[in-house]
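A quick write-up on the structure given underneath.
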Amino acid sequence: MVTKKIVEDNNNGLPAERDVTGPRSLTRLLGLFDVLSMTPDGMSLAELNVTLESPKSSLLNLLRPLVAEGYLIHSAGQYRLGPSIFRLAASVMSAWNFPRMIRPFMEELCQRTGETVLLGVLNRDAEVLTYVEIIDSPHPVRYQIPVGTTRPLYASSAGRLLLAYTEKRWREAYLSSVQFKVRTAIPVTRASLSRELDRIRAEGVSTSVDNYMVGLAAVAAPVFDGDGNCVASLNIAGPSDRFRNELDQLKTVVKEVAAKASGVVAGIEARAA
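For what it's worth, our numbering labels the leading residue of the sequence shown as 64, then goes sequentially.
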């Protein structure tokens, strides 16, 4: 039997030329990633020089190979975190206990719905959703992407869910500045996105049928920690034809399993406190 997959091109690409000069100081490297993680708009060489208290020549020796490898992006004189660091972050997340903690609930969701199950987290700095754990559907026709795949928050049901449940101040700043660069099957506007976020918070679930890509549907629900913060999205995705007739039932199942996962997360946090 030939397996059909709803797949997408996720090739971010890296520069062909590489400077093999390695960083001279691990502490300096970690400090660099730390300050850039808090400045999504990036920093200039002069700003990094002052913040890290490091000579410009030493910084350049550190920055050049990181740009060449895609860990940083250098544009208009500003250095920002690049795609490679986000892929690394996704790999670290996969090795972390959190995805392992949620895995049994993902397996239950896959068994009950028969669809691909994805665990997504919010990357505030890059303003994207990152999938840190995935269980593929057993169906021959299914949705399939690799762990570490990212999506703009506005483009997917899981991304919109995380956006809906983030702090109001951050959400409003995002809505005022977001640029809809990635095309979706149904165009997104600030007004339509704002209305959708209100609906998600009211219903406690995010849905998408042919919104992101024709033929693809998804349902996402929040996973909360003990303080009521949304720490992840738990969602299913698959062919629209399978979702349309069972959408209400799928929404109920996803919300139910996500609520069970939230209870376990909160319980573990309480025991650790």
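From the three backbone atoms N, C-alpha and C, an ideal C-beta is built for every residue, glycine too.
Query: Give me the Cα-Cα distance between Val130 and Glu309, rounded to the nearest whole angstrom.; Result: 47 Å
Query: Which residues in the same chain have their Cβ closer than 7 Å to the Cβ of Ser271, if we skip the five residues on either side of it in sequence?; Result: Ser219, Ser220, Ala280 and Ala281
Query: Enumerate in chain order the residues of its own chain whose CB-to-CB distance from Ile198 is below 6 Å, with the five nearest sequence positions on each side excluded.; Result: Met169, Cys173 and Val180
Query: Could you have a look at Ile165 and say whether DSSP puts it in helix, strand or coil?; Result: helix
Query: Do you know offhand how far Gly140's Cα is from Arg214's?; Result: 26 Å
Query: Which residue comes first and which comes last in the beta strand (DSSP E) that contains Gly286?; Result: Residue identity check: residue 286 is Val in the sequence provided, not Gly. Note, Val286: beta strand (DSSP E), Leu279 to Phe287.
Query: With 16 other CB atoms within 10 Å as the buried threshold, where does Gly222 fall?; Result: buried
Query: In this structure, how does DSSP classify Ala300 when only helix, strand and coil are distinguished?; Result: strand
Query: Just to confirm before moving on: does the CB-CB distance between Ala284 and Lys318 stay below 7 Å?; Result: yes
Query: Where does Pro250 land, buried or exposed, given buried means 16+ other C-beta within 10 angstroms?; Result: exposed
Query: Nearest-angstrom Cα distance between Leu260 and Ala227?; Result: 5 Å
Query: Mapping DSSP to helix, strand and coil, what is Ala265?; Result: helix
Query: Could you spell out where the beta strand (DSSP E) holding Pro215 opens and where it closes?; Result: Thr213 to Pro215
Query: Which residues in the same chain as Val328 place their Cβ atom closer than 6 Å to its Cβ, once the five residues preceding and following it in sequence are excluded?; Result: Asp288
Query: Quick check on the DSSP output: the alpha helix (DSSP H) that includes Glu110 runs from which residue to which?; Result: Leu108 to Leu115
Query: Which word fits Val245, buried or exposed, when buried means at least 16 other C-beta atoms lie within 10 angstroms of its C-beta?; Result: exposed
Query: By DSSP, does Asn160 sit in helix, in strand, or in coil?; Result: helix
Query: Just checking Thr114 against the ligand MN - is the residue's beta carbon closer than 6 Å to any of the ligand's heavy atoms?; Result: As far as ligands go, the structure on display features none, and thus does not contain the ligand MN.
Query: Where does Arg264 land, buried or exposed, given buried means 16+ other C-beta within 10 angstroms?; Result: exposed
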